[in-house]
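Each residue of the sequence shown is one higher than the one before, counting from 1 in the UniProt record's numbering.
Idealized CB from N, CA, C, for every residue including glycine.
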Amino acid sequence: MTTSVSDLLFIQQMLTRYGMSTYVAFGNFGNLLTIATFCQHEQRKNPCLLYLLSMTICNLICLDVGIIPTIFALDHVDISTQSIIYCKLQFYIR
């Protein structure tokens with residue numbers, strides 16, 4: 001029983017470490033390409049560009065703020081358990 005639990009814990013850590021890292025890398029790359037596309041002169045004539053650009057920037061921030069601390073907490077001390085201010089603010093940021 002404990003072997004299967006430890007195996008599942010190991011699989012969860014590996015999926016979090018490598019799966020989430022891949023997700024963050026592709027997400028950041030896609031968001032940066034979207035920002036580069038929306039900042040072109042021809043695209044600025046579109047009236048809904050401001051909304052899409054702000055959504056992309058918010059998506060980039062939420063992706064980095066929400067997932068990178070989870071990946072960091074696998075091998076290091078979780079900052080939300082050490083700082084009461086970050087613990088309270090993380091629910092507003094994420």
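Beta-carbon contacts of Cys87 that lie in its chain and below 8 Å, excluding the five residues immediately before and after: Ser80, Thr81
Through-space distance from Ile61 to Pro69, alpha-carbon basis: 13 Å
Relative to the C-alpha of Leu74, which candidate in Thr3, Gln12, Ser6, Thr2 has its C-alpha closest? Gln12
Straight-line gap, residue 138 to Gln43 (C-alpha atoms, nearest Å): Residue 138 lies beyond the residue range present for the chain, which begins at 1 and ends at 94; the question has no answer from this structure.
Return yes when the Cβ of Asn59 is within less than 7 Å of the Cβ of Asn28, no when it is not. no
Residue range of the unbroken alpha helix (DSSP H) whose run includes Leu15: That residue, Leu15, is in no alpha helix (DSSP H); it is neither H nor E in DSSP.
Rounded to whole angstroms, what is the Cα-Cα separation between Ala25 and Leu63? 10 Å
Pick helix, strand or coil for Gln82, following the three-state DSSP scheme. helix
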